[in-house]
Structure formats: structure tokens, C-alpha cells
Amino acid sequence: AQSVAQPEDQVNVAEGNPLTVKCTYSVSGNPYLFWYVQYPNRGLQFLLKYITGDNLVKGSYGFEAEFNKSQTSFHLKKPSALVSDSALYFCAVRDRFRAAGNKLTFGGGTRVLVKP
Amino acid sequence: KAGVTQTPRYLIKTRGQQVTLSCSPISGHRSVSWYQQTPGQGLQFLFEYFSETQRNKGNFPGRFSGRQFSNSRSEMNVSTLELGDSALYLCASNPGQGEAFFGQGTRLTVV
């Protein structure tokens with residue numbers, strides 16, 4: 002069974018400082034990995050994905066994530082956080098096997114608070 | 674390109690009633706997935722429909738059901754509502770490869 006862990010319920014960071022949101026996963030084989038962000042009373046917005054290729058993935062709004070197969074991690078990073086980055090962040094995995102379809106397994110979410 | 678449309682945005686229902694939620698995916702997407710989001714359980718997969726057939730199902734009771742029409746629009750139905758069914762229900766439009774695109778959700782409150 003697939004599982005995703007986001008060990009921090011909340012991350013506090015000062016504006017302009019680096020932001021890191023941690024994600025580790027457990028899945029058989031090589032999964033597809035995603036990060037989504039959610040603002041209050043809204044759906045999920047896609048940030049970035051790892052499918053194959055370079056382990057460092059660049060996404061929307063200056064975010065990037067590094068896929069580490071040996072540590073089964075996919076941490077989200079941003080070099081300089083903005084107050085507007087304050088939101089709920091979700092890491093998700095999807096099995097590569099065709100039978101799994103498009104089912105996403107999500108982590109519990111990490112609330113990011115960026116203080117001015 | 675229009676996004677994923679979920680209707681209604683908000684619903685208030687009474688215990689024991691049933692409810693139907695609707696999702697129109699992005700044009701050309703044949704797969705739709707549904708998720709339940711609650712503060713306690715987080716985001717949980719309900720089911721996926723592809724070309725009018727249920728392809729995957731999560732671990733939810735039979736009160737939760739869905740269907741997909743020939744135009745790829747999908748509905749989910751919850752019968753005999755319970756207080757614990759109060760949640761944000763999210764629909765995802767899947768292009769086949771790559772990321773899912775989510776609607777803004779339907780906030781269901783059961784009183």
C-alpha cells in the first residue's frame with residue numbers, strides 16, 4: 002500500500018528566508034510525485050511534479066523539489082519565501098502501474114505561515 | 674481552456690437525506706476522480722471514472738457512489754447522510770499522463 006508522510010503540521014518562516022516542506026513516501030516501484038497548494042476554501046493548485054529525469058524539479062511560483070530515491074523523499078523548497086506563499090501544501094504520489102489509474106495518495110498536509 | 678467546474682459550491686443537508694454533486698472535467702479529459710477532504714482524515718480518494726466505467730474505488734461505504742456520462746461529466750451521490758460526511762468534496766480532471774487538475778470543491782455540511 003502507498004503512503005505519504007509530511008512530518009510537520011506547520012512550518013513558520015520569515016519572509017525572504019528559505020522555505021522547505023518535507024515529504025517522504027512509501028510505495029512499490031517508482032512513483033509519480035506531485036506537490037499541490039491549497040488556499041482557503043479553494044481546490045488544489047498544481048505546483049510541480051516528478052515523472053522521470055532530473056532529480057531537481059522546478060515548478061510554479063519559484064518552487065522546486067528534489068527527488069531522492071534512496072531516502073524516498075520529495076522535499077519542496079523555495080529560496081526566498083513570500084507572505085503570499087502562506088497556504089496548505091500537499092505532497093502526493095501516484096502509482097506508475099496502469100491498473101492503478103489516476104489515484105493519488107496524499108500526505109496529511111503542511112500549513113506554511115510566512116511572516117513579514 | 675475552461676477549468677474543472679463543480680456544482681454546487683456549498684450545500685447544507687439534514688442527516689438521512691441524500692445529495693448529488695456534479696463535476697464537469699476539462700474538455701478532452703476522459704478520467705474524473707473524486708476526493709473527500711476533512712480536517713481529521715485529510716484528503717482521501719473516493720473513486721475514479723474513466724470512459725463511463727469505475728476504474729478504482731477507495732475505502733468508503735456503499736452509501737458513496739458515482740457515475741460518469743458520455744460527455745465525461747461525473748456525479749457523485751451520498752445517500753443516508755451522516756454528520757461525518759460533512760467535508761469538502763473535490764473533483765479532479767485527469768489528462769492521462771501528468772498532473773490532475775482540481776475543481777474548487779463542493780462544501781457539504783450535514784446538520
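Going down the list, the protein sequences come from chains A and F. The opening residue of the first sequence carries number 2 in the working numbering; numbering runs sequentially from there. The opening residue of the second sequence carries number 674 in the working numbering; numbering runs sequentially from there. For every residue, glycine included, the Cβ atom is placed at its ideal position computed from N, Cα and C. Please read these numbers as outputs of a predicted model, since none were measured by experiment.
Output the distance between the C-alpha atoms of A:Thr53 and A:Ser74, rounded to the nearest integer angstrom.
In a straight line, the C-alpha of A:Thr53 is about 15 Å away from that of A:Ser74.
Which residues share a DSSP beta bridge with F:Phe723?
F:Phe723 is bridged to F:Ser704, F:Thr726.
Residues of chain A with CB closer than 7 Å to the CB of F:Gln777, please, in chain order.
The CB of F:Gln777 comes closer than 7 Å to the CB of Arg43, Gly44 in chain A, given here in chain order.
Would A:Val113 be called buried (16 or more neighbouring beta carbons within 10 Å of its own) or exposed?
If you draw a 10 Å sphere on the C-beta of A:Val113, you find 16 or more other C-beta atoms in it, and that means buried.
Mapping the DSSP letters down to three states, classify A:Ser81 as helix, strand or coil.
DSSP places A:Ser81 in coil when its eight states are reduced to three.
Bridge partners of A:Asn13, per DSSP?
Its beta-bridge partners are A:Leu114.
For a minimum of 3 consecutive residues, which ranges assigned as the beta strand (DSSP E) are wholly contained in the stretch 19 to 97 of chain A?
If we require 3 residues or more, the beta strand (DSSP E) runs fully inside the stretch 19 to 97 of chain A come out as 20 to 22, 25 to 27, 33 to 39, 45 to 51, 57 to 59, 65 to 69, 74 to 79, 88 to 95.
F:Asn729 versus chain A: which residues are under 9 Å apart at the beta carbon?
Near F:Asn729 (Cβ distances below 9 Å), the residues of chain A are Ala100, Ala101, Gly102, Asn103, Lys104.
Considering F:Leu761, what are the terminal residues of the beta strand (DSSP E) in which it resides?
Following the DSSP letters along the chain, one finds F:Leu761 inside the beta strand (DSSP E) bounded by residues 760 to 767.
According to DSSP, is F:Arg682 helix, strand or coil?
In the structure shown, F:Arg682 sits in coil (DSSP, three-state: anything other than H, G, I, E or B).
Rounded to the nearest angstrom, what separates F:Ser697 and A:Glu67 at their Cα positions?
Roughly 33 Å separates the two Cα atoms.
Per DSSP, what kind of secondary structure is F:Gly757 in: helix, strand or coil?
Reduced to three states, the DSSP call for F:Gly757 is helix.
Output needed in chain order: residues of the stretch 46 to 75 of chain A with a Cβ under 8 Å from some Cβ in chain F.
Cβ contacts with chain F: Gln46, Phe47, Lys50, Ile52.
Rounded separation between F:Asp758 and A:Leu34 - CA only:
F:Asp758 and A:Leu34 have their C-alpha atoms spaced approximately 28 Å apart.
A:Asn103 versus F:Arg728, F:Val677, F:Gln679, residue with shortest Cα-Cα distance
It is F:Arg728 whose Cα lies nearest to the Cα of A:Asn103.
Note down, in chain order, all residues in the stretch 751 to 769 of chain F with a beta-carbon under 7 Å from any beta-carbon belonging to chain A.
Answer set for the stretch 751 to 769 of chain F: Leu763, Asn767.
Exposed or buried, which one is A:Asp86 when buried takes at least 16 other CB atoms within 10 Å?
A:Asp86 comes out buried.
Determine whether the beta carbon atoms of F:Gly715 and A:Gly44 lie at a separation below 8 Å.
Between F:Gly715 and A:Gly44, the C-beta gap is not smaller than 8 Å, which leaves the two residues out of contact.
For F:Leu761 and F:Arg780, which I take to be in contact (beta-carbon distance under 8 Å), what is that distance rounded to the nearest angstrom?
F:Leu761 to F:Arg780, Cβ: 5 Å. Contact.
With 16 other CB atoms within 10 Å as the buried threshold, where does F:Gly739 fall?
Around the CB of F:Gly739, 16 or more other CB atoms lie within 10 Å, so the residue is classed as buried.
Would you say A:Gly17 lies against chain F (beta-carbon separation less than 8 Å)?
Chain F, which has no Cβ nearer than 8 Å to the Cβ of A:Gly17, makes this no.
Is there a C-beta anywhere in chain F that falls below 8 Å from the one on A:Gly30?
No - not a single Cβ of chain F is within 8 Å of the one on A:Gly30.
Ordered along the chain, which non-local residues of its own chain (more than five positions away) have a Cβ less than 8 Å from that of A:Ala101?
Same-chain partners within the cutoff: Arg95.
Is there a C-beta anywhere in chain A that falls below 8 Å from the one on F:Phe723?
It does: the Cβ of F:Phe723 has a partner Cβ on chain A nearer than 8 Å.
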